[in-house]
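Heads up: the sequence shown runs through residues 510 to 1463, numbered per the numbering used here. Even glycine gets a Cβ: it sits at the ideal position worked out from N, Cα and C. Everything numeric in this text was worked out from a predicted model, so none of it was measured.
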Amino acid sequence: GAPETAAALDKFLKFAGNAVLIAHNAEFDMGFIRAKTARYLNRAAQSTYVDTLALARTLWPHLRNHKLDTVAGHLEITLGQHHRAADDAATCGAIFLKGMEVLSARGLERLQSLNGIAQERAHEFQKPYHIILLAKNQTGLENLYKLVSLSHTEYFFRTPRLPRHLIKQYHEGLLIGSACESGELFRAIVRGTDHARLESIASFYDYLEIQPLGNNEFMIRAGEASSREELADFNKQIVKLGQRLGKPVVATGDVHFINPEDEVYRRIIQSGQGYEGSDAQAPLYMRTTAEMLAEFDYLTPEEQRWVVIDCPNRIVDAIDDIKPVPDEFCPPIIEGSDEEIRQMAYDRAVQLYGDPLPAIVSDRIEWELQSIIGHGYAVLYLIAHKLVKKSLDDGYLVGSRGSVGSSLIATLCGITEVNPLPAHYLCEDCHYSEFMESGSIGSGVDLPAKDCPKCGQPLVKDGHDIHFATFMGFEGDKEPDIDLNFSGEYQPVVHRYTEELFGKDYVFRAGTITTLAEKTAFGFVKAYLEEHGTHARRAEINRLVKGCTGVKRSTGQHPGGMMVVPPNRNIHQFSPVQYPANDKNAGWITTHFDYHSLSGRLVKLDILGHDDPTVIKMLHDLTGIDPRSVPLDDPDTMRIFSSVEPLGVTAEESGTNLGTLAVPEFGTSFVRQMLEDTKPTTFSELIKISGLSHGTGVWLGNAQELVRSGQAKFADVISARDDIMNHLIYLGVKPKTAFKIMESVRKGRGVSDEDEAVMRQADVPDWYIESCRKISYLFPKAHATAYVMMSFRIAYFKVHYPEAFYATYFTVRANEFDADMVSKGADFLRSELRKIQAKGKEATGKEENLATIIEVVIEAIARGIKFLKVDIYKSDARKFLITTEGLLPPLSSLQGLGENAAQQLAEAAAQGEFMSVEDLKTRARLSSAVIDTLKRHGCLQGMPDSDQLSLFAV
């Protein structure tokens, strides 16, 4: 029979003597040898050993894993019968000898040198332990944030982790807890580590932890503990350790949910995410003091009170009242920004309106500057000015979003093109101006053409009548949210420029936290119930879905938000940092906290990417027409919003009654129906339509019914938040009251009884008040105006430069364009369009995008635009080209030919003619599937398959 453990162990140690032991994952084996030697032989095992697992990870880090068989295969070592002790030992020895050869070649001859090179990447391969870090004070909080940042950036490997020396380095202000069963101390106890070593481990921590036995019952199922009594013994050892070392021992719950019954939500979520054993949930609920005392009934009453009440109170008493994020607003600092903004605004105002300035202009400037400078926001304007100027200098227009167009200072500083003054005439030569202050004209663009009464020059028509209060509040103290739309292809340049302005250590991408959406939660619940063969009523399913919805799922980054830290602060006074979704290849570091948590403390610059500025740049390049010179009152362009006639086609030919297909903001079926209902003829009506289309509860079931029933004229319905304030002020309501009513309505809070009384006293009609009550969200007029200005310019090119317009439109959407389908002609396209439309809501997103492309292609063909077939020599990789014969689609417009393959093909074609398909495939590094795509489209017609000549073909 097998010898007793003590005898076998003694015999093995005598056999090993002073030799160096070698094993794969030696730390695991040595842990047991040390523990059993102390237990059965009452002495310490002090053998020197080499771990070939750590050696392999250090010398051959590129391997997908470092299991014995994987390493052996890489080194071409014959494994023998894997998991047979003698064969595995021989293989382990062979790996060690191969490793010694590599180390010797590097000039390393002593075993001690192995520890040094292993440490270089040790954090990636050592099994990490859990640890608890509590901040006692402000210094500790900052150190905590530093450690969280380092664990998520420099030391991240599959999970956030930290080397012990860093925790020691940043220990000031922190309390270090030994954590749960995954902590270093608990694991050492489970391994049977000797007392001296346990005390050494425990001495690193400021307090020790124990948890209810139910938390760790899974260890019994896993064979790591024999019974609940052994689990209790583990906890008793920790209590005794704490008493011997004079360290607090804290009973914690490892709480993951509030009530015991809430475990079902965690079970469903873990099941949906593919966790094994999700049905065996530990009771990780929030226990009361009485419940916690009962959990540790195997301790003496004194010990129970000590771990459940006394020690936790000691920890609480050691922690100051601290705030995770400062209360104060900490904007970036640019010296002299106040005066620079003031001077810039006045210089531009005088350049436009002359000196002295009209009172309406100077009063508005002073009012805004008082708010902007008075509340410390001038620096935000200066930053936005610098970003926009950089883009304009490089040839890319910038579109404004949100309410920034409500600020005249933003207009004068070149941040937005939207002029918020009342509609007015302006002479660029002699500075004559004439303002329409009655509110009857919503946009200066709609004023009739007029020559200057002083010098006879044609007058500029401008002004969109937007109140500054919609941007910075009635008191002018609201933090300005300056959102800007940069060209998508130029956006990375602006992001890097922001880094240059403030320094890399002071600019971070705005972090986001994604949570479990209701739809996903519903899928998890349904899958869980089906997997368990459980039927549940709808009410129960809804309860389970609600319990799962909103749980953190991952992290990410705002599409364009940049958080800026002032130079006199550092990011760790506000938030840790990390890579988005812990992806080291993301290129940017984000705030660890969701950017909403930092709102009002740090400035978020919204540097967003958008197609429209890209389209405008391409149109400018193709036509030579400066988009800023496009007349916003061009009659033919205005007419396409109610007819197709300006395009030179009929409704039957184009498939639609309007000419706005492919025009941003006005091309969707929803907005086209609005255009059909309203037949706009003025620029201000287009702004109303834009506002209506972006609001919630504004058009459908509200303004649409009012217009159709004749209760209200389209010009009078509420379309944007500013409409309410303007309308009420012009009816005599006090501005502050008008602002308050506007804010209530635009946030979906309706109209209070008090506000209704004010409105009725001002003779506001019943339909208007009722309309206010139906609104859930209202778009800012400034945002709608900026969108319409950009859209109208693009529409102008559609009317007057069709080839450039369609080439640009399809270039931006080249990946969705199907060149093979388009080459089959308009009748075939109409048939495909009907098939997609017949699917209704069953159509996929890809099919809906294709339907839009088909509609625009049909319209272009009706206008006489010809689409050529892709040519491997003449086509660009991704741009549509204008030729004398028609539009030449890019290589990437062939479905199945991605952008990378298209670029490779274009580069290879530029080097000279292909001798054969084989030559093309080799030079362009194309797959067989891509070659088949090219053949189907006829791109390879007449090209031989191979370079080799047949004897009979000569």
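C-beta atoms of residue i and residue j nearer than 8 Å
{"i": "His894", "j": "Cys922", "result": "yes"}
{"i": "Thr1177", "j": "Phe1150", "result": "no"}
{"i": "Leu1443", "j": "Val1297", "result": "no"}
{"i": "Ser658", "j": "His1081", "result": "yes"}
{"i": "Asp1385", "j": "Ala1410", "result": "no"}
{"i": "Val748", "j": "Val759", "result": "no"}
{"i": "Pro840", "j": "Val1112", "result": "yes"}
{"i": "Glu776", "j": "Asp788", "result": "Reading off the sequence shown, one finds Arg at residue 776, where the question assumed Glu. A contact, by the Cβ cut-off of 8 Å."}
{"i": "Gly1065", "j": "Thr1021", "result": "yes"}
{"i": "Phe1326", "j": "Ile1284", "result": "no"}
{"i": "Thr1393", "j": "Leu1377", "result": "no"}
{"i": "Asp1120", "j": "Val1321", "result": "yes"}
{"i": "Gly1277", "j": "Lys1126", "result": "Reading off the sequence, residue 1277 comes out as Tyr, not Gly. For Tyr1277 and Lys1126, no; Cβs fall outside 8 Å."}
{"i": "Leu1237", "j": "Ala1266", "result": "no"}
{"i": "Val1054", "j": "Thr1317", "result": "no"}
{"i": "Ile1303", "j": "Val1172", "result": "yes"}
{"i": "Ile842", "j": "Pro1075", "result": "yes"}
{"i": "Asp1186", "j": "Gln1213", "result": "yes"}
For residue i, the three-state DSSP class (helix, strand or coil)
{"i": "Ile1227", "result": "coil"}
{"i": "Thr925", "result": "coil"}
{"i": "Asp1120", "result": "helix"}
{"i": "Thr841", "result": "A small fix is needed here, since residue 841 is Pro in this sequence, not Thr. Coil, per DSSP."}
{"i": "Gly649", "result": "helix"}
{"i": "Tyr1104", "result": "helix"}
{"i": "His583", "result": "helix"}
{"i": "Glu772", "result": "helix"}
{"i": "Ala1462", "result": "With a pLDDT of 48 at Ala1462, under the threshold of 50, the predicted position of this residue should be treated as unreliable, and no value is reported."}
{"i": "Tyr1318", "result": "helix"}
{"i": "Ile640", "result": "coil"}
{"i": "Phe1326", "result": "coil"}
{"i": "Lys1243", "result": "coil"}
{"i": "Ala868", "result": "helix"}
{"i": "Phe666", "result": "strand"}
{"i": "Ala760", "result": "strand"}
{"i": "Glu1427", "result": "helix"}
{"i": "Ser880", "result": "helix"}
{"i": "Phe805", "result": "coil"}
{"i": "Tyr855", "result": "helix"}
{"i": "Phe524", "result": "helix"}
{"i": "Phe1389", "result": "coil"}
{"i": "Asp1262", "result": "helix"}
DSSP beta-bridge partners of residue i
{"i": "Asp560", "result": "Ala532"}
{"i": "Ile1381", "result": "The partner list for Ile1381 (beta bridge, DSSP) is empty, contrary to what the question assumes."}
{"i": "Arg1018", "result": "Met1071 and Thr1099"}
{"i": "Ser909", "result": "Leu993"}
{"i": "Lys1061", "result": "Thr1024"}
{"i": "Ser942", "result": "Leu935"}
{"i": "Thr1205", "result": "Tyr1286"}
{"i": "Pro967", "result": "Asp960"}
{"i": "Gln1066", "result": "Gly1020"}
{"i": "Leu684", "result": "Leu643"}
{"i": "Gly1168", "result": "Bridge partners of Gly1168: none, in fact."}
Rounded Cβ spacing between residue i and residue j (contact assumed at less than 8 Å)
{"i": "Leu1025", "j": "Ile778", "result": "7 Å"}
{"i": "Arg1018", "j": "His940", "result": "With 8 Å as the limit, Arg1018 and His940 do not qualify as a contact, their Cβ atoms being about 44 Å apart."}
{"i": "Gly1200", "j": "Lys1256", "result": "Contact doesn't hold; Cβ gap of about 16 Å is too wide."}
{"i": "Leu518", "j": "Tyr558", "result": "Between Tyr558 and Leu518 the Cβ distance is about 16 Å, and since that is not below 8 Å, they are no contact."}
{"i": "Ala1360", "j": "Ile1345", "result": "5 Å"}
task = Assess, as a yes-or-no matter, whether the segment 975 to 995 is touched by the segment 1028 to 1037 under the definition of 3 or more beta carbon pairs within less than 8 Å.
result = Result no; under three Cβ-Cβ pairs closer than 8 Å.
**Asked** Touching or not, the segment 1286 to 1295 and the segment 887 to 905, by the rule of three or more beta carbon pairs under 8 Å?
**Response** As far as the Cβ criterion goes, the segment 1286 to 1295 does not touch the segment 887 to 905, which means the pair count is below three.
Does the segment 1248 to 1257 come into contact with the segment 990 to 1003, if we say contact requires no fewer than three beta-carbon pairs (one atom in each stretch) closer than 8 Å? With the rule of 3 Cβ pairs closer than 8 Å, the segment 1248 to 1257 does not count as touching the segment 990 to 1003.
Assess contact between the segment 593 to 612 and the segment 664 to 675, defined as three or more Cβ pairs (one per stretch) separated by less than 8 Å. Is contact present? In this structure the segment 593 to 612 does not lie against the segment 664 to 675, because fewer than three pairs of beta carbons, one per stretch, are closer than 8 Å.
Touching or not, the segment 1137 to 1149 and the segment 1046 to 1064, by the rule of three or more beta carbon pairs under 8 Å?
-> Per the Cβ contact rule, the segment 1137 to 1149 is not in contact with the segment 1046 to 1064 (fewer than 3 Cβ pairs under 8 Å).
_If contact is defined by three or more beta carbon pairs under 8 Å, each pair taking one atom from either stretch, is the segment 1096 to 1115 in contact with the segment 1073 to 1088?_
Contact holds: three or more Cβ-Cβ distances are below 8 Å.
Inter-stretch contact (C-beta, 8 Å, three-pair minimum) for the segment 903 to 921 and the segment 954 to 968
With a cut-off of 8 Å on Cβ pairs, the segment 903 to 921 is not in contact with the segment 954 to 968, counting fewer than three such pairs.
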